[in-house]
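Everything in the sequence shown is counted per my numbering, starting at 1 for the first residue and increasing by one.
We put the CB at the ideal spot given by N, CA and C, even for glycine.
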Amino acid sequence: METITNNLSSADLMQLEDKYGAHNYHPLAVVLSRGEGVYVWDVEGKQYFDFLSAYSAVNQGHCHPKIIKALTDQAQNLTLTSRAFYNDQLGPYEQYLTQYFGFDKVLPMNSGAEAVETAIKITRKWGYEQKGIPNGEAIIIVCGQNFHGRTTTIISFSSDPDAKGNFGPYTPGFVSVPYNDLEALQTALDTHGDNVAGLLVEPIQGEAGVFVPDEDFIPTAAKLCKDRNVLFIADEIQTGIARTGALLRICGDCSCGATCERQDTYTEPDVLILGKAISGGVYPVSAVLANNSIMQVIHPGQHGSTFGGNPLACAVAVAALEVVKDEKLAENARRLGNIFRARMNQLAQKTNLINLVRGKGLLNAIVINDSPESSTAWNLCVQLAENGLLAKPTHGNIIRFAPPLVMTETQLDSCCAIIEKTFLEFKK
Ligand SMILES: *Cc1c(COP(=O)(O)O)cnc(C)c1O
């Protein structure tokens with residue numbers, strides 16, 4: 001397979017990014033030029049297992065033929081109309097998506113952060129117009145160590161000094177409680193009383209290092225909200241679309257895979273936020289889902305996006321969601337996730353490098369037995385890459401393992417062997 005990079009080496013290409021791009025990321029020293037399924041290749045032709053999946057956007061695997069066909073077919077017909085006119089892809093997509101996830105309506109956007117912003121706006125407006133919160137006083141409760149994106153409002157309620165520092169003044173109206181702390185949540189709900197419009201929460205905190213809360217945290221949090229007429233807003237941008245072994249993490253241990261039968265493990269959110277894998281990593285697509293009683297607060301001119309709901313996005317997202325169902329990715333993620341954690345827990349017995357293995361489905365992390373300031377996790381990732389597997393540390397000493405969900409058990413076996421070898425041969 002020829003590369004299409006005009007014969008520039010990895011070193012040349014990294015230099016270009018370093019010189020001409022803002023330094024807002026610190027990538028691993030690997031330059032990728034091709035992907036297929038669970039594999040990616042660098043410009044020198046070296047093959048890797050992708051264990052990041054673009055932060056769980058590529059759940060369906062790289063360049064899935066069905067999604068790419070939908071993209072290229074639609075690209076020849078119509079790509080963008082703006083919402084000044086109707087287009088023939090949006091209605092069918094909206095019908096498909098709302099039925100797939102069981103909501104009355106969707107508001108289509110592009111990036112995850114935009115969808116979170118949209119959910120915040122809907123929640124505030126609902127708070128004023130439906131709940132009767134005095135103008136300008138709406139509170140949205142969020143959780144410590146959250147990650148909901150990078151806009152000015154969203155970083156206003158981040159607890160990460162890098163995400164937040166020197167980007168103020170910050171948007172008011174948010175109150176943060178520790179994640180997985182029902183007592184703190186109850187206190188905040190009581191303290192702010194009728195002014196609380198919503199609770200915005202990740203069912204598993206992905207960027208925080210795949211922090212899985214206690215089983216009862218999400219269902220009980222949702223119930224506390226329901227009892228007080230507070231909207232429960234689930235950010236499933238990273239946990240959704242089969243990643244954690246169910247269609248959504250709020251499905252709990254339901255395994256229907258898609259078109260939810262609404263098992264009693266399901267925690268119903270008032271507002272559901274999706275992004276990332278809703279397009280299989282092929283195109284930026286995000287969505288906010290809610291029922292009519294909530295979505296009706298939005299009228300023409302009050303929110304939108306030039307690219308939101310464009311025909312290309314709609315065609316891609318329908319194909320990407322069909323793949324999730326057709327290939328039973330939720331079930332596969334659940335089965336392989338159990339195998340992966342068992343293997344890694346065995347590995348933890350053989351090395352003192354591993355503090356903890358945690359996760360759900362194929363969203364997992366290994367907490368490295370060293371301080372967040374150490375370079376151990378980074379150096380392990382460099383060695384993993386050398387051995388043909390790409391993963392990235394987060395918060396210094398945590399390595400996330402999140403391969404595409406189309407992985408086979410045989411492939412997972414090879415991946416575990418690479419991780420085992422890397423950890424057992426690692427010298428600090
Ligand atoms: C990635 C992510 C976002 C932001 O999505 P972008 O597309 O990067 O803006 C928001 N919330 C969660 C939970 C995420 O993982």
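Problem - As assigned by DSSP and simplified to three states, the class of F307 - result: coil
Practice task
Please state whether DSSP places L32 in a helix, a strand or coil.
Solution key: strand
Handout entry: Near ligand 1: K276 beta-carbon under 7 Å from a heavy atom
Key = yes
Problem - As assigned by DSSP and simplified to three states, the class of Q346 - result: helix
Practice task
Report yes if the C-beta of H148 is less than 7 Å from at least one heavy atom of ligand 1; otherwise report no.
Solution key: yes
Problem - Endpoints, beta strand (DSSP E) assigned at F174 - result: 174 to 177
Exercise for the section: Check whether the Cβ of Y55 sits closer than 7 Å to any heavy atom of ligand 1, and report yes or no. Expected result: yes
Handout entry: heavy atom of ligand 1 below 7 Å from Q145 C-beta
Key = no
Problem - Same chain only: Cβ atoms within 8 Å of L412, ignoring 5 sequence neighbours per side - result: L336, I339, F340, P403
Exercise for the section: Check whether the region 299 to 312 touches the region 266 to 278, taking contact to mean three or more Cβ pairs, one atom from each stretch, closer than 8 Å. Expected result: no
Exercise for the section: Have a look at C381 and P393 and give me their C-alpha separation to the nearest angstrom. Expected result: 7 Å
Handout entry: Contacts around T244, its chain only, beta-carbon distance under 6 Å, and the 5 residues preceding and following it disregarded
Key = K360, G361, L363
Practice task
Examine ligand 1 and report whether any of its heavy atoms sits within less than 7 Å of the Cβ of I237.
Solution key: yes
Handout entry: Complete runs of the alpha helix (DSSP H) confined to the region 18 to 64 [at least 4 residues]
Key = 53 to 56
Exercise for the section: Using beta-carbon positions only, say whether I140 and G173 come within less than 8 Å of one another. Expected result: yes
Problem - Distance cut-off 7 Å: E117 Cβ against heavy atoms of ligand 1 - result: no
Handout entry: DSSP-derived helix/strand/coil call for T244
Key = coil
Exercise for the section: Pull up the distance between the alpha-carbon of E17 and that of E137, whole angstroms please. Expected result: 44 Å
Exercise for the section: Give me the Cα-Cα distance between N397 and F307, rounded to the nearest whole angstrom. Expected result: 38 Å
Exercise for the section: Helix, strand or coil for P393, going by three-state DSSP, please let me know. Expected result: strand
Handout entry: Identity of the residue in G21, R334, D104 nearest V288 by Cα
Key = D104
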